[in-house]
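Shown next, in C-alpha cells, is the structure this report addresses.
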Amino acid sequence: MDDRRRTPLWLCALTLMLGFSGPAAGAPVAGEARFDGIWEGVITYRPAEMEIEALVELGFDPDGELVGTTDISTLHMKFYHLDRVIPEGRQITFDFLYDSERHGPNSRFIFSGELDEAGEMIRGEFTDGDKQHPFFLRRTGDAGDPRKPRVELPVTVLSDTWAALRDRFNREVEDVRLVMLLSPR
Amino acid sequence: MQRHVLNRLEDPRLQTYVVWGPMLDKETEDDARSATSHVGDARSTHFWTPDHAIAEAFQGPLGLELERAWDTFLLYEPGVRWDDTPPTPTYFMHVGKRLPEEQKFNGDKLREAAQRMLDASTAAAVD
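Respectively, the protein sequence lines represent chains Z and E. For our numbering, count along the first sequence from 1 and bump the result up by 1346. For our numbering, count along the second sequence from 1 and bump the result up by 90.
Shown next, in the form of C-alpha cells:
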C-alpha cells in the first residue's frame, strides 16, 4: 500500500478524551442537527459487486469544532484523520487525504451528505477522483464509544491434499455448498 | 458477500467454505484469521493455504487457462462430490478473470443462484 497519513496518537487522545467527553462550546442545541457520534455504513461503488464498509467517528474539539476519524478496512484505515469536517444545517461534508495509486499523493476523498429528519442516517455522495458514489452512514454510537470487537473465527491450515476441505465438502454432500477462494488482503 | 448473500439467505442447508490464500504472494495466516470477521456467518468454515496449489487445481474446472482461480465463488448443488480432483461447480462467479462477463461477481446474482439450488433441493425432497 502507498504511504498513508495516520492520525497522530496525540490527536486521537486529545479528541477522544477531551473533545468527545461531552458537549462543548459550539455543540448543537436541542433541535439542531447533531452530527457527533459513531456512524457506520457503506459506500457503493457498484451495487452488490463492490461495496466498501466505512465507519466515521465525529466529535467536538475543545473549541467546539467538529473533528473526526474514519475506519475503512479495505484500505487498512483505522482512526484515520479527517482533514475537514464542515457542517451546514443538515448538510455535512468531511474528507480525508490519502496517497492514491490512481489519483496521486494526498488525494482528497470527500463524503458529502445530509442528515435525515430522525437524525440517525446520513446519505450522500462519496467523491473518489472524478467519480461520485452513493453512501449511507447510520448512527451506531456516541463519540468515544469503544469500537465493536471484530470476531475472528478459527482457521484450519490445509494440508497439501486439502483433506480437511474435501472431507467437509463430501460430508455435507446433501447441502448446497459455496466454496470461495479469496485473498485476505 | 456477507451482506448480499449470507445475511439474506438464512437456509441452514447452505454451507460456506472460505479458502484464504496468498493470491498476492504476501498474505499470511494472520491475515486470514483477521479476514474471517468479514465472513462471520455460522455456516462458514475457514481454511488457510500457504501456496497456490488449490487455486491452480481449480483452473481446469473453471476453464481458466492462464489465471489461478483466486477470487472465485463456486456453488455446488447437493450430490456433487469431490473425489480425486476438485469438482466442476454447478455455477460460479469470478472477479477480474478472462471469463464471461455475465459471471462477474455480483452478490445478488450469486444469492439468486444459491436460492434456486436450495429451492430445487426442496422440490426434490418433496417429490
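Using N, Cα and C, we set each Cβ at its ideal position, and we do this for glycine too.
Buried/exposed call for residue i, threshold 16 Cβ in 10 Å
i                 : result
Asp1348 (chain Z) : Per-residue confidence for Asp1348 (chain Z) stands at a pLDDT of 35, beneath the threshold of 50, marking its modelled position as unreliable; no derived number is given.
Gln105 (chain E)  : buried
Gly1368 (chain Z) : Unreliable positioning characterises Gly1368 (chain Z) in this predicted model, as indicated by a pLDDT of 43, which lies under 50. The coordinate reading is nonetheless provided below. Result: exposed.
Lys116 (chain E)  : exposed
Asn97 (chain E)   : exposed
Val1431 (chain Z) : buried
Lys187 (chain E)  : buried
Leu1528 (chain Z) : buried
Leu1483 (chain Z) : buried
Tyr107 (chain E)  : buried
Ser211 (chain E)  : buried
Ala204 (chain E)  : buried
Gly1387 (chain Z) : buried
Val1413 (chain Z) : buried
Leu114 (chain E)  : exposed
Arg1523 (chain Z) : buried
Met1363 (chain Z) : Confidence is the limiting factor: at Met1363 (chain Z) the pLDDT is only 44, short of 50, which leaves the residue's position unreliable, though a coordinate-based value still follows. The residue in question, Met1363 (chain Z), is exposed, as its Cβ has fewer than 16 Cβ neighbours within 10 Å.
Ala1371 (chain Z) : Residue confidence is low: Ala1371 (chain Z) scores 43 on pLDDT, short of 50, so the model does not pin down where it sits. Its coordinate-derived value is still stated next. Exposed, because fewer than 16 other Cβ atoms sit within 10 Å of the Cβ of Ala1371 (chain Z).
Glu1447 (chain Z) : exposed
Asp1521 (chain Z) : buried
Ala214 (chain E)  : exposed
Glu1397 (chain Z) : buried
Ala159 (chain E)  : buried
Alpha helix (DSSP H) segment containing residue i, residue limits
i                 : result
Ala1400 (chain Z) : First-last for Ala1400 (chain Z): 1396–1406, but that is the beta strand (DSSP E), not the alpha helix (DSSP H).
Pro67 (chain E)   : For chain E, the structure presents residues 91 to 217; residue 67 (chain E) sits outside this window and is missing.
Met207 (chain E)  : 197–216
CB of residue i within 8 Å of CB of residue j, strictly
i                 : j                 : result
Leu208 (chain E)  : Arg103 (chain E)  : yes
Thr1473 (chain Z) : Ser1458 (chain Z) : yes
Arg201 (chain E)  : Val95 (chain E)   : yes
Ile1389 (chain Z) : Phe1481 (chain Z) : yes
Leu1401 (chain Z) : Thr1420 (chain Z) : no
Thr180 (chain E)  : Val170 (chain E)  : yes
Glu1498 (chain Z) : Thr135 (chain E)  : no
Asn196 (chain E)  : Glu1395 (chain Z) : yes
Ala147 (chain E)  : Pro176 (chain E)  : yes
Ala1489 (chain Z) : Gly1383 (chain Z) : yes
Leu1404 (chain Z) : Arg1436 (chain Z) : no
Ile1468 (chain Z) : Trp1385 (chain Z) : yes
Glu119 (chain E)  : Trp138 (chain E)  : yes
Pro1530 (chain Z) : Asp121 (chain E)  : yes
Ala1379 (chain Z) : Gly1465 (chain Z) : yes
Val1503 (chain Z) : Arg123 (chain E)  : no
Thr178 (chain E)  : Pro151 (chain E)  : yes
Phe1442 (chain Z) : Tyr1426 (chain Z) : yes
Val109 (chain E)  : Val1519 (chain Z) : no
Opening and closing residue of the beta strand (DSSP E) in which residue i lies
i                 : result
Ser1529 (chain Z) : Here Ser1529 (chain Z) belongs to no beta strand (DSSP E), and DSSP marks it neither H nor E.
Thr175 (chain E)  : Run containing Thr175 (chain E): none; DSSP gives neither H nor E here.
Lys1424 (chain Z) : 1423–1427
Arg93 (chain E)   : Run containing Arg93 (chain E): none; DSSP gives neither H nor E here.
Asp1441 (chain Z) : 1437–1446
Leu164 (chain E)  : 162–166
Gln193 (chain E)  : Here Gln193 (chain E) belongs to no beta strand (DSSP E), and DSSP marks it neither H nor E.
Glu1434 (chain Z) : 1430–1434
Gly1459 (chain Z) : 1450–1461
Asp1471 (chain Z) : The question names Asp, yet the displayed sequence has Glu at residue 1471 (chain Z). Residues 1467–1474.
Thr1420 (chain Z) : Thr1420 (chain Z) -> no beta strand (DSSP E), and no H or E assigned at all.
Val1519 (chain Z) : No beta strand (DSSP E) contains Val1519 (chain Z), which DSSP labels as neither H nor E.
Gly1387 (chain Z) : 1383–1392
Val108 (chain E)  : 104–110
Practice problem: Output the residue ranges of the beta strand (DSSP E) runs that lie fully inside the segment 1481–1508 of chain Z and measure 3 residues or longer, sorted by chain position. | Solution: For the segment 1481–1508 of chain Z, whole beta strand (DSSP E) runs of length 3 or above, ordered along the chain, are 1501–1503.
Quiz item: In chain order, which alpha helix (DSSP H) runs of at least 4 residues are fully inside the segment 113–146 of chain E?
Solution: Positions of the alpha helix (DSSP H) runs, each at least 4 residues long and wholly inside the segment 113–146 of chain E, are given as 119–125 in order along the chain.
Exercise. Note down, in chain order, all residues in the segment 162–181 of chain E with a beta-carbon under 7 Å from any beta-carbon belonging to chain Z.
Key: Residues Thr162, Phe163, Leu164, Leu165, Tyr166, Glu167, Pro168, Gly169, Arg171, Trp172.
Quiz prompt | Contact set between the segment 186–198 of chain E and chain Z, restricted to residues whose Cβ is under 8 Å from the partner | solution = Only those residues of the segment 186–198 of chain E whose C-beta falls short of 8 Å from the nearest C-beta of chain Z are listed: Lys194, Phe195, Asn196, Gly197, Asp198.
Exercise. Could you run through the segment 1495–1516 of chain Z and flag, in chain order, every residue whose CB is less than 8 Å away from some CB of chain E?
Key: Listed in sequence order: Arg1496, Val1497, Glu1498, Leu1499, Pro1500, Val1501, Thr1502, Val1503, Leu1504, Asp1506, Trp1508, Ala1510, Leu1511, Arg1512, Arg1514, Phe1515, Asn1516.
Practice problem: Check distances from the C-beta atoms of the segment 1374–1395 of chain Z to those of chain E and list, in chain order, the residues that come in under 9 Å. | Solution: Close to chain E, meaning a Cβ-Cβ distance shorter than 9 Å, are the following residues of the segment 1374–1395 of chain Z: Val1388, Arg1392, Pro1393, Ala1394, Glu1395.
Practice problem: Determine which residues of the segment 104–116 of chain E have a Cβ less than 8 Å from any Cβ of chain Z, and write them out in chain order. | Solution: Listed by position along the chain: Leu104, Gln105, Thr106, Tyr107, Val108, Val109, Trp110, Gly111, Pro112, Met113, Leu114, Lys116.
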